[in-house]
Every structure is written in C-alpha cells, then in structure tokens.
Amino acid sequence: MNKTNLMALGLLSLSATLTSSAVFAGGNDDPLLTKVMLDQFEKGVDPQDPTQFSAQAWLGYDLNKLWLKTEGEYSNSDKQDLEIQALYSKPIAPYWDVQFGIKTDIKPTPTRNWAVIGVQGLAPYFFDIDAALFIGDQGRTAMRLSAEYELLITQKLILTPEVEVNLFGKDDAELGIGSGLSDVSAGLRLRYEIVREFAPYIGVDWRQKLGNTAEYSRNEGEDTQETQFVIGFRAWF
Amino acid sequence: MKSQYMIKPIIQTPDSEPNNSRRRFVFGASAMLALMSIPFPKNAFANALSQSLSQLSGKVFDLSIDYKMVNFTGKSARATVVNQLLPAPLLRWKEGETVTLRVKNNLDHDSSIHWHGIILPTEMDGVPGFSFDGIKPGETFEYQFTVQQSGTYWYHSHSGYQEQTGLFGAIVIDPATPDPVIYDRDYVIMLSDWSDEAPENIYAKLKKQADYYNYRERTVMDFFSDVDKNGLANTWNARSMWNNARMSDRDISDVTGSTYTYLMNGNPPQQGWQGLFEQGEKVRLRFINSSAMTIFDVRIPGLKMTVVASDGQNIQPVSVDEFRIGVAETYDVVIEPEVDNAYCIFAQSIDRTGFTVGNLTSDPSLHAPIPPMDPRPVLGHSDMGMDMSDMDMSGMDHSKMDMGGGDMSGMDHSKMAMGGGDMPSMDHSKMAMGGGDMSGMDHSKMAMGGGDMSGMDHSKMAMGGGDMSGMEHSKMAMDAAKATVSGLGLAGFGSNNEIKHIDTEFGPQVDMRADAPKSGLHDPGIGLRDHQQQFNRKVLTYGDIKGLHPTYDTRQPSREIQLHLTGNMNRYMWSVNGVKFMDAAPLEFEYGERLRITLVNDTMMTHPMHLHGMWSELETGDPDFIPRKHTVLVQPGSKISYLVTADAKGQWAYHCHLLFHMPGMFRKVVVK
C-alpha cells in the first residue's frame, strides 16, 4: 500500500513539475520546496544525561508532501533510541493533514516496523497536534499523541510547552514495553529566535513511565520517572 | 506661467447636474477656455520634474533590461533595471501619438514589460503566455501602439518576480486637449519596496512559515495588558474568536519592513527624495505605488491634497488629508504649498512597519520633520466578513459563519461578542445613506431592484438621522417588474445579488468565507477608519471618487460575475473561488458586452485586483459619473462591484497585484 502511494506521489510530483515549467505571467504558484526542521537538539545538563534530537523534513507542494520524521536519544550506556518515519501527507481540511507511511524503530533492538496513519495540524487555540496510530507485525499496535503550544513572551522569546503520551496494544517484553498507557512526557522550552531559523533554548523535560512499562523498568532496577534540564537549539531551513 | 483666472486647481462643473449632455458641454467649454487663456502647460514644466527620475520623451524609446548591483540597505544586492536605472526611466508620451518601444532583454531569464493601465491591443500588453511569448534572453521585442488616453500610469515586468527586484517605471501621458487640471509643476512620486532577499526566497519562506515576516504577533504581555484593561472574561471572549479561527488579528502584511526598505523614487528613507517648488505654485504630485507587496498610506502634514485623478483618469476633485494607495494604483493630487516652508511627503506601509519620505520645499536648506507612524492596525471581526451592524447577540445565524473546515463545533457561540439578527438577503449597506443628507437624495437612483423587496425590513435600514419624513418612497426605483428582468442592481450602484459560495470554495485551500461581506466603498480601510475621529484627517474612500468625465458607457450591465478572493493564510495559498490559476478555466467575456464584476474578499488581506486591457468602472454611487480604474482595492471581508465594457478582443490577465498572491489569485480573461 505504501509503495503504491509513494509511486503515485512521485508521478504527481513529476507531472506538477512539468506543467509548472511553462512560463506564466504570475510565475509558478506552487514550487517544489523542502523544509528541514531540527525541532530539538539538546543535551541534559547532567553529564550522564543523554543527547536527544527530534527532526522533521518535508519535500513537496502546497497540498502533497513527503515527510520524514526522526527522533532519537544517545548516551554512553546501551540505552539508545532511534526511530524514523517516512510519510505521505495530504490535506483533509484547511488546517489538517492526514499522513500515512512507515515507521522503523531502529534502536533499541530488536528493530520493530510499523505502518503509520496519523493526522497532523493546527487545532483551535493554535495547538500543534500530531496524532498517529501504528500497526506492527505480530498484532502489535501503538498510538502516540502529542500537542505543542507556542507562547510568545516577546516576538523572539518563545515559551513552548508540549505533552506526549504513548499507548501500546500489547506487551513487548524484549523492549520492556507494557500494554496500555506506557509513558507520558511533558516539556517546557524557552527559546530565543536570533533569526527565525535559529534559536538556542533552555528547557526542562519530565517523563513518567506508567503501568506495565513502569513495572518492567522497576524489575530492571531503572527509574520510572526522570526529569532533566536541557540546553539545545532549534533550527530550520 | 500661472493662469490668470483660475482660483481652484481644477476646472469645476456643477456637481448635482444629472444631464449628461449639459455636463459634457460645460466640460468642453471650460476646456476651451483654458486653451485660450493660458499656454499649454507641457513645455512649461517639462524640465521641472524630479532630478531623481530620469525622463525619456518622444515617440521611439529604447529600453534595455539588465542586472545591476545596487545598495539600499548597506549591503549590495542584485537588481533588475531598465537603462541602468531603478526606478526605470519615466516615459513621457502624448495622447494620440503612436509610440514604439524597443525592449532588449540582457538577462539570462525571460523578461517582459507590461504597460499598466494602458488600453492597447492584446499582443502589446506584455504578459508572457497570453499571445506573447515573453522576451527571450538577448532578444529585443518591439512594442508599438497608439496612445488613447492621458494621465499617470506605470510599467513593470510581468515575468517571474522581476518587479520586486526593480523592474518598474512611471508613464506620464500628456493629454491631446488641454489638461483640465491646472498646475504649475508636477512630480512623479514612485513608491516601492526593496528587499536584499531574492523574491523566490521570500515566497518559499512564506510557504514554510506564513508569519515569517510578522514581528507584531500578539504576545503574552498583550494578553495581560488586555486583561488589565478589559478583565479576564472579556479578553478571553475577544480572543476566542481568533483562536478558534486560528487566525491572527495582527496579520496585516505578508511581507513587512523586517525585510523591506521602502523607497520613494528610488530613495531609501534615510536619504529621502527632494522636490522643489516656487512661490505660489500649484504642484501636481503623481503618486504611483509600484511595490511588490506594500500598500501605502500617504499624507503631507500641514497640507490638504486635492485628489484630481485616480489610476490616470481625471476625477471630480476631492480634498483630503490622507489616502491609501494600493499596489499598482495611481493617484494624482494637487497641493498648494506655502513659500519658505518645507513639507514631508510621508508614505507609511499599511502595517506601520516602515515608511518612505520626500521633502518638498521652496528652499533646499529646509527640511520638514518626519512624523511618527500611526498606531499599527489590528483586524476586527468585520474584516472576517461578519455582519457587525447591530450588536444584538440574540439571533445570529452561526451556520453562516464558515471558517476553516468543520472544526467550528467546539466553539461557544454564546460568548461571541457579535451579533446581528439573521442577515437579510438584502444588503442595506450598499445604500449609501449615511448622515443627515437624506433630503437631497435622489431616490430614483436607488438600486433596490430584484424580487427581494417583499422580505425587506425597512425598519432596519441604516438611514441615519430621523428625518425620514421627507422621503418620498414612491420615487424609489422599486420597479420590481423592471428589476426582475435583469435581476441586477442598476449601473453605478453595485450588486444586489446574494453572496454565494460555490463548491470549489470548500476545501483545504480556503480557510475563510465571508458570509456577510460589507461594502468596501465607504471604508477607508484597516488602520485608517478612526483617523477622522482621532486626528481629524479626512481619508479618501472609493465612495468619494466620481469621474470627471460623464460615464462613457451608459448601458445597464447585462450580467454579473461574482468572484471570490480566497486563500489559506497558513498554507500560503491564494486563489479565486478556491481555484488557483493553474487549474482554472478562463473567464469569458463576449465582445461588446457590458457586465458587472462583484469581488467578494473571503480573506483578511486587502487585495488590489487588476484587470488588463479594459477599464474597471467602479460603482461609487453616481451612475452619471462612474470613475474608471485599472486596479481596485478589495477590503478584507468586504465586497465591491465594477462595470466592464468588453471592448478589447483577446486574452487578458486579471489578478491580485500583490506579487506573491498573483501566481494563484489570477485568471485569464478571454474576450471574443
């Protein structure tokens, strides 16, 4: 299914490029553009804290886009996270896109692969919403909901609260994931946009494991809750 | 040099004279009088034009388009120029003559020149893709046409975004018959916006982050100060509307002074432009807004301006303190400055993020102080096209408010501080019955046609003042039978058709639809509405504009086309009726027909709409003196109507003149 869609998008892009190359008085209204956003690239202030990043990129036109989303966490311990999503995005309403594609959790191992269907957009009161359903092999299912808000203290000093919750359909003992609500995280970042495209920030991140997932952690002797202060930067082009 | 008998700068004729032939005679007679009593003024002021705009005159012009490095900001950047000049040379033509313009393209891209507002054959209009292939690199295109009009116009590239990089210049056409406007000296004042950023990059940034250039967004501090002033509940209610719509009431201009440097005749504000005058002179200023994206508000503190022409066409003079000039519009004003004084020609951008200035003086050592910019405008609910006429919260039909998809369900309508009963199908705002001037009103002109009269609630009519007694309703043109034949409002008064949003307006490409758009005719526009009250400045509105020449085509419109200006601000997409140019079928006019176009602005931006090849005859309320324009500002959430006589066969462009709206908000018009 995904392959077909990607091919369809490719053809669509190609035809759009061909038609738009004709010289028109007003220029091409819908050029092929790319946007790469490093939303978070940060290090905990405690030396043992991991380095984390979250990035997104799109390639496409006003209405149809290919998205890549990736996030990861790296530390010297064996606790590492890396996931990548490749999605096709199409609008369903003025402020909403539906996105579908694939997600690979490269780390931790063993690798898990998922099909993705989600919605991303701007809800009333300017909440940035990303909600996705993941369907994996062996009957695995998962869901992620995240919301972010931008609070302008000044035009360049911006406070961003965000929350994210993850749910899983069934236990994945190998990875220490339990069914049900597995974790909740909340962050608060204060950035200063030196230019629109680059903003250093400071922030605090709080994560709480819940239910069976928390149980797994406790059995491993790990904390179920962590809070870290971070410094980092946000950039896009 | 000065005329012996003229007190007013204009040859005036009685205003309330409905008889066209009489008016024509008076007009002609006074023109002859002017011819006999003063020398034809052209030679007298030919040398008096600003030194900063270099002028070419005659019948044959050689223009060469090149790249050139310029420096307006302290950094050097590449501009596109004509004959090494920015602005391009001022072309001075004479009505009735045939001009030849040989345009050589030395760029490594296609180029073109469009003669803005000039009536000419379609193949000379200079729009690539429409019976003209553009001018290829290294090639020369020869434009040739007979000049059939006089006044202030301009020219610019119609290829890509070359216009923003400097490819624009002024055109002044001297009339074949003596100019009804009497003046001793004239200056062209060309307003423009310059950015060191390549226009393609600006466009891409807007697509990636629509508010990229807006550093005036609402902050937490604003919220607290509003709470302080109005209380939490009121502030929350006032905000909820915008928050639900996911729109910003601070969204005035897409591209702002954060990247633009505003120029007057090619001079940045720190340098300014300077014009000189001598004692007792009447000075005619020919304002041209050749910006890519910037609407300007113009005033000259200490001087009244008599507006004598709009878009090159003479109008009945209007004395104002301030006027808004949309992108691509032109206004001619006559001023009478006092000797030994200096005046600041002040043009501030609509969003107040910058300005450009000129110094007008009799003594070059004098410099007028530059006034502060006016308060920045904030959009109101009416700019979303909601009926705010009576603040009765009782029975608003919210089903008519349709903004951005189906996400309105969570909205608490009871909190909305706006009202209006259910909006009657008839829009009374069209009836320009403000103030107490009811007595002199000629009701026979009232465009109350159509079969909707039965449902009309007269008690709601906004006929200000209690003096209704003298109103003779029998005279009102409520000739239902007659009006039903055409179903259209009478020529000169605009549309009385229902506002309809067609299916193509619904979808991800459209974030708002105005369901009770008010008439934009008497609206000075966002940021200017309170200037009369606050500063005692008379601001020009379209409602003030009446043609000096009687209406050229007195036919009634045979049909009406309603076009909706649409967009999605967040995705930065622009369209007409929700369909962008690339996907749209051409609009077809029948050769010779007289039709009405009603533009409905379903966005919160002010759009200057420009029809090529034919006049846009703005219906400002007087059927006998309908002014002709080439570019018409459509106020946010508003509507406006004009008549068009389709007297020019061929393919014509019709578009929003904001450079980054144009690619989508564009139609081809075919006259056959």
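In order, the protein sequences belong to chains A and B. Heads up, the first sequence is in the numbering used here, so the first residue is 27 and it goes up one at a time. Heads up, the second sequence is in the numbering used here, so the first residue is 842 and it goes up one at a time. Cβ atoms here follow ideal geometry from the backbone N, Cα and C, with glycine treated the same way.
Under DSSP, H1451 (chain B) forms a beta bridge with B:T1472, B:H1496. DSSP places I1030 (chain B) outside any alpha helix (DSSP H); the residue lies instead in the beta strand (DSSP E), whose first and last residues are 1026-1035.
At a cut-off of 8 Å, the C-beta of P1349 (chain B) has a neighbouring C-beta in chain A.
Look at Y227 (chain A): its C-beta is not under 8 Å from any C-beta on chain B. Chain order gives the chain A residues near T1060 (chain B) as L178, I179, T180, Q181, where near means a beta carbon separation below 8 Å. Rounded to whole angstroms, the separation of the alpha carbons of P1358 (chain B) and V1148 (chain B) is 28 Å.
Of the residues assessed, L58 (chain A) falls on the exposed side of the cut-off, its CB having fewer than 16 other CB atoms within 10 angstroms.
Per the DSSP secondary-structure output, P117 (chain A) pairs in a beta bridge with A:D123. Non-local beta-carbon contacts of R215 (chain A) in its own chain, meaning distances under 6 Å to residues more than five positions away in sequence, involve T186, Y227, G229 in chain order. Rounded to the nearest whole angstrom, the CA to CA distance from D949 (chain B) to G979 (chain B) is 8 Å. Considering only beta carbons, the part of the region 1487-1507 of chain B lying closer than 8 Å to chain A consists of A1494, H1496, M1503, P1504, G1505, F1507, in chain order. Counting along the chain, the unbroken beta strand (DSSP E) around D1138 (chain B) starts and ends at 1137-1140.
Between N54 (chain A) and chain B, the shortest Cβ-Cβ separation is below 8 Å. In terms of beta-carbon proximity, Y984 (chain B) stays away from the interface with chain A, with every pair separated by 8 Å or more. Here the region 1414-1425 of chain B does not lie against the region 917-929 of chain B, with fewer than 3 beta-carbon pairs under 8 Å apart.
Nearest in C-alpha terms to F1118 (chain B), of all of B:D1095, B:K1049, B:P1178, is B:P1178.
With a threshold of 8 Å between beta carbons, K1049 (chain B) makes contact with chain A. According to the DSSP assignment, D951 (chain B) belongs to no alpha helix (DSSP H), since it is labelled neither H nor E. Take R1400 (chain B), set aside five residues on each side of it, and the residues of its chain with a beta-carbon closer than 6 Å to its own are L1436, in chain order. The shortest CA-to-CA distance from T939 (chain B) to any of B:E983, B:P928, B:K977 is the one to B:E983. Contact between the region 230-249 of chain A and the region 197-204 of chain A is present: three or more C-beta pairs spanning the two stretches fall below 8 Å. Only those residues of the region 101-120 of chain A whose C-beta falls short of 8 Å from the nearest C-beta of chain B are listed: P117, I118, A119, P120. Rounded to the nearest whole angstrom, the C-alpha separation of P962 (chain B) and Q1120 (chain B) is 44 Å. At a cut-off of 8 Å between beta-carbon atoms, Y996 (chain B) makes no contact with chain A. Near chain B, meaning a CB-to-CB distance below 8 Å, the residues of the region 215-226 of chain A are R222.
When secondary structure is reduced to three states using DSSP, P150 (chain A) falls in the helix class. Excluding sequence positions up to five before and after K1490 (chain B), its CB lies within less than 6 Å of the CB of Y1432, V1512, all in the same chain and listed in chain order.
For D65 (chain A), the uninterrupted beta strand (DSSP E) segment begins and ends at 59-70. Shown here for E252 (chain A): same chain residues with a beta carbon closer than 7 Å to its own, the five before and five after excluded, namely R233 in chain order. B:N1182 is the residue among B:G1195, B:N1182, B:P1216 whose C-alpha sits nearest the C-alpha of P1205 (chain B).
Taking a C-beta cut-off of 8 Å against chain B, the contacting residues of the region 56-69 of chain A are D56, P57, L59, K61, listed in chain order.
Restricting attention to B:Q1112, B:Q1157, B:H1496, B:T1439, the CA atom closest to the CA of I1467 (chain B) is found in B:Q1157.
Under the three-state reduction of DSSP, E1177 (chain B) is assigned to coil, being neither helix nor strand. Contiguous beta strand (DSSP E) elements confined to the region 174-247 of chain A occur at 183-194, 206-218, 224-235, taking only those with 3 or more residues. V944 (chain B) is not a Cβ neighbour of T987 (chain B), given a cutoff of 8 Å. Proximity of Y151 (chain A) to chain B, defined by a Cβ-Cβ separation below 8 Å, is satisfied.
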